[in-house]
Amino acid sequence: MKRLLLAVPFLLLAGFALETRQTATHKFEEIAAGVFFVTGGDKVVVGSNSLVVVNDDDVLVVDSHITPEAARALIASVKTITNKPIRTLVNSHYHYDHANGNQVFGKDVEIIGHEYTRRKLLGDVLHEATFLNNGSVATQERVAAGIEEQIQKASGVQKTALEARLALQRRHIQEIGEVKPTPPNVTLTNRMTLHRGSREIQLLHLGRAHTAGDVAVYLPADQIIFTGDMFYRGAPYLGDGFPDEFVQTLERLKGMDWKMAVGGHGPLIRDRAQVDFNQQYLREYWGQVKGFHAAKMTKEQARGKLDLSKYKDFARFQLTAPGVLEIEVGRMYNLLNGVRD
Ligand SMILES: [Zn+2]
Numbered sequence: 001m002k003r004l005l006l007a008v009p010f011l012l013l014a015g016f017a018l019e020t021r022q023t024a025t026h027k028f029e030e031i032a033a034g035v036f037f038v039t040g041g042d043k044v045v046v047g048s049n050s051l052v053v054v055n056d057d058d059v060l061v062v063d064s065h066i067t068p069e070a071a072r073a074l075i076a077s078v079k080t081i082t083n084k085p086i087r088t089l090v091n092s093h094y095h096y097d098h099a100n101g102n103q104v105f106g107k108d109v110e111i112i113g114h115e116y117t118r119r120k121l122l123g124d125v126l127h128e129a130t131f132l133n134n135g136s137v138a139t140q141e142r143v144a145a146g147i148e149e150q151i152q153k154a155s156g157v158q159k160t161a162l163e164a165r166l167a168l169q170r171r172h173i174q175e176i177g178e179v180k181p182t183p184p185n186v187t188l189t190n191r192m193t194l195h196r197g198s199r200e201i202q203l204l205h206l207g208r209a210h211t212a213g214d215v216a217v218y219l220p221a222d223q224i225i226f227t228g229d230m231f232y233r234g235a236p237y238l239g240d241g242f243p244d245e246f247v248q249t250l251e252r253l254k255g256m257d258w259k260m261a262v263g264g265h266g267p268l269i270r271d272r273a274q275v276d277f278n279q280q281y282l283r284e285y286w287g288q289v290k291g292f293h294a295a296k297m298t299k300e301q302a303r304g305k306l307d308l309s310k311y312k313d314f315a316r317f318q319l320t321a322p323g324v325l326e327i328e329v330g331r332m333y334n335l336l337n338g339v340r341d
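FYI, the working numbering numbers position 102 of the sequence shown as 102, with every residue one higher than the one before it.
Structure (structure tokens):
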């Protein structure tokens, strides 16, 4: 009885209940009134998380997924949760899995990103190492071939599931061909505040980290921050990163008031101690490579010596994809040799 009495004022205070909704292609988890943590399912390869913010009169979307097709599915999903028009798209950074859906947002949608993000997307991003080694048709063909190999050995339900994954992967490969990198048409260097009806939305460049143009989207009233690939539960990809500045940038994230962080990948984060853990990983990784560089080892020798086994689960992707380690260590050697872009 006591519990019931307590529950009623709480509901009155909140005004309504937060809902999770499943669309044809996405899951929309409402984490504050009108604020949705958006993840993909198994109907279309989306490549990354998004944040959808429904304001008094319009909608703001953060990150546009990995292909135009994934972005179309996201836009269609938004239409099923609100009649309000999408007026703003924010790019957390320029990487293909977050910005290659940009082109399908209409002319009346402002695309906001860091000045660096615009510069990169106006350049030749589809021929840079990060895309060529992770997101290109050739790499995705290899993923498809891996699934085919597994199908040969599988049977029953497992085989059916793998066949569905292969079909999805084949469609994804088709969809990559449609990509035309599309830059933000509104840019910032440090910060920008949007006032949308009663909502304040801050776009913040906290410093260089995953790229030179990372932008976090902060909702001060709800204490929610979308951090893109600067912060999620897992090792950040460092192929275009600044591991020597990353820890300090995360320190600024720690200095802010937030109770939920939405990363570009992985689950919603409520545990602020995760930031400390990511910092430890970055210090360890950078520290080792810096040591190998100082000892005049070649990049290849450094890669052979590198020991991140302490972070085995955290850094799974980096450790199992030799191409990634090669790019990351190469990147760190460039930084140590004074090449910074
Ligand atoms: Zn990224």
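Note that the Cβ used here is the ideal one computed from N, Cα and C, for glycine as well.
| query | Is H65 near ligand 1, in the sense that its beta carbon is under 7 Å from a heavy atom of that ligand? | reply | What you label residue 65 is simply residue 65 of the sequence shown in a count that begins at 1. Checking every heavy atom of ligand 1 against the Cβ of H65, none is found closer than 7 Å.
| query | Would the beta-carbon of Y237 be found less than 7 Å away from any heavy atom of ligand 1? | reply | For the purposes of this step, residue 237 is taken as residue 237 along the sequence shown, with counting starting at 1. Indeed, a heavy atom of ligand 1 lies less than 7 Å from the Cβ.
| said: Looking at the strands, I want to know which residues DSSP matches up with L51. | reply: Locating residue 51 in the sequence shown gives position 51, counting from the first residue. The partner list for L51 (beta bridge, DSSP) reads F37 and V62.
| query | How about V62 and I86: are their beta carbons less than 8 Å apart? | reply | Position 62 of the sequence shown, counted from the first residue, corresponds to residue 62. Position 86 of the sequence shown, counted from the first residue, corresponds to residue 86. No, they are not a contact pair.
| Is it true that the CB of G264 sits closer than 8 Å to the CB of R233? | Taking the sequence shown and counting its residues from 1, one reaches residue 233 at position 233. Taking the sequence shown and counting its residues from 1, one reaches residue 264 at position 264. Contact flag unset, no.
| message | Along the chain, where does the beta strand (DSSP E) containing N80 start, and where does it finish? | response | For the purposes of this step, residue 80 is identified with residue 80 of the sequence shown, where counting begins at 1. The question names Asn, yet the displayed sequence has Thr at residue 80. Careful: T80 lies outside any beta strand (DSSP E), inside the alpha helix (DSSP H) at P68 to I81.
| task | Could you pull out every residue in the same chain whose Cβ sits closer than 8 Å to the Cβ of V137, ignoring the five residues on either side in sequence? | result | Counting from one through the sequence shown, the residue named residue 137 turns up at place 137. The answer, listed in chain order, is I173, I176 and G177.
| Within the 8 Å Cβ cut-off, does V78 reach chain C? | Note that chain C does not occur in the displayed structure, where there is just one protein chain.
| query | Do Q202 and K259 come within 8 Å of each other at the CB atom, strictly closer than that value? | reply | Along the sequence shown, read from residue 1 onward, the residue named residue 259 stands at position 259. Along the sequence shown, read from residue 1 onward, the residue named residue 202 stands at position 202. Against a cut-off of 8 Å, the Cβ pair of Q202 and K259 comes out as no contact.
| field | Same chain, Cβ closer than 6 Å to E328, neighbours up to 5 away in sequence not counted | value | Taking the sequence shown and counting its residues from 1, the one referred to as residue 328 is at position 328. These residues qualify, in order along the chain: L238 and G239.
| request: Kindly identify the DSSP beta-bridge partner or partners of G264. | output: Position 264 of the sequence shown, counted from the start, is the residue given in the question as residue 264. Answer is none; G264 lacks a bridge partner.
| Which residues count as close to ligand 1 when the rule is a CB under 5 Å from any of its heavy atoms, in chain order? | H95 and D229
| Backbone CA spacing between D97 and V262 [nearest angstrom] | Reading the sequence shown from its first residue, position 97 is the one you call residue 97. Reading the sequence shown from its first residue, position 262 is the one you call residue 262. Their Cα atoms are separated by approximately 16 Å.
| message | Taking the alpha carbon of G34 as the reference point, which residue from T20, A71, A164 and A209 has its own alpha carbon closest? | response | In the sequence shown, the residue the question calls residue 34 occupies position 34. For G34, the nearest C-alpha among the options comes from T20.
| request: Return the residue from the list H195, A235 and P236 that minimises the CA-CA distance to V217. | output: Your numbering for residue 217 matches position 217 in the sequence shown. Taking only the C-alpha atoms, the option nearest V217 is H195.
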